[in-house]
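Residue numbers for the sequence shown, in our numbering: 7 to 226. Some notes on the structure that comes next.
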Amino acid sequence: MKNRFRLSAAAMSFVVCGSASASVITIETGFSSAGAQIDALAYRSLVDSAVAIPAFGYGSTTVAAYDNISNHGLFPSGSFTDIAFKSTVDFYVSPENAGSWQIRAGVDFGHGGAIFVDGVAYDYKTNDMWWAGSYSDSSQYLSINSLTLAAGYHTLNLYGIEGCCDGFQQAQYRIGGTGDFVTFSASDNLSPVPEPETHAMLLVGLGLIGFAVRNRKSNV
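Written out as structure tokens, the structure is:
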């Protein structure tokens, strides 16, 4: 009986895992009193090290939308100062959306920061950046003005260092170079079409479930 139940559960996992959701946004913070770094790779290295060390007033969580994000707003007794900030946005580009993209991130990084897509650095700044809710001054936010994305899964990373005072942040994208920018979120219409193997996995899963049911009946 237990073995048949495990078989059915395994079959169902094949069915469920065949598709993915819209953008998944993870925010990680840690303590850092470091100043500006020499390049994008240095920002990534420093921040990755800082967020790997648990500290009171900092943390890691997922959010539904990349808007109004701050350390003190996300974590209990969240610090307003000395923040190493990392965000990860995992998203999917459908075949019809493949091609030219733009990404921008309004940040509060007093000691600068960097932006990466799929592990490649596209922009970094060492100045005090505070976008204050406006993209009118390009020195105050991180951006990728020309980005070609193929169909498939991609990852956006932001890294930054904030001395004070942990202002709210945002990240957005635009496809094709026209229209309005859209905030990355769990409802950003970047949901993938079913993965190529989904239908085959579904058939396998249903077959396994049917086998388990028939086998159970024959033993009753």
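Positions of the beta carbon are idealized from the N, C-alpha and C atoms, including for glycine.
- Taking the alpha-carbon positions, what's the ARG110 to ASP124 distance? Whole-angstrom Cα-Cα distance: 15 Å.
- What residue range is occupied by the uninterrupted alpha helix (DSSP H) comprising SER51? 46 to 57 is the extent of the alpha helix (DSSP H) around SER51.
- Where GLY112 and TRP136 are concerned, what is the direct C-alpha to C-alpha distance, given to the nearest angstrom? Rounded to the nearest angstrom, the two C-alpha atoms are 7 Å apart.
- Message: Checking the sheet assignment: what are the DSSP bridge partners for VAL95?
- Response: Answer is ILE31, LEU162, bridged to VAL95.
- Can the beta-carbon of TYR3 be found closer than 7 Å to that of ALA177? One cannot answer for residue 3 here, as it falls past the ends of the chain, which runs 7 to 226.
- Can you give me the Cβ contacts of HIS160 inside the same chain, cut-off strictly under 7 Å, excluding the 5 residues immediately before and after it? Counting only Cβ-Cβ distances below 7 Å, and skipping sequence neighbours, we find PHE97, VAL99, VAL123, ASP124.
- Message: Please report the distance separating the alpha-carbon of LEU13 from that of ALA28.
- Response: Low confidence applies here, because LEU13 scores a pLDDT of 39, under 50, leaving its location unreliable and the question unanswered by this model.
- Item | Stretch pair the stretch 143 to 157 + the stretch 78 to 86: three plus CB contacts closer than 8 Å | As far as the Cβ criterion goes, the stretch 143 to 157 does not touch the stretch 78 to 86, which means the pair count is below three.
- Task: Tell me, please, which residues DSSP counts as bridged to CYS170.
- Result: Per the DSSP secondary-structure output, CYS170 pairs in a beta bridge with THR87.
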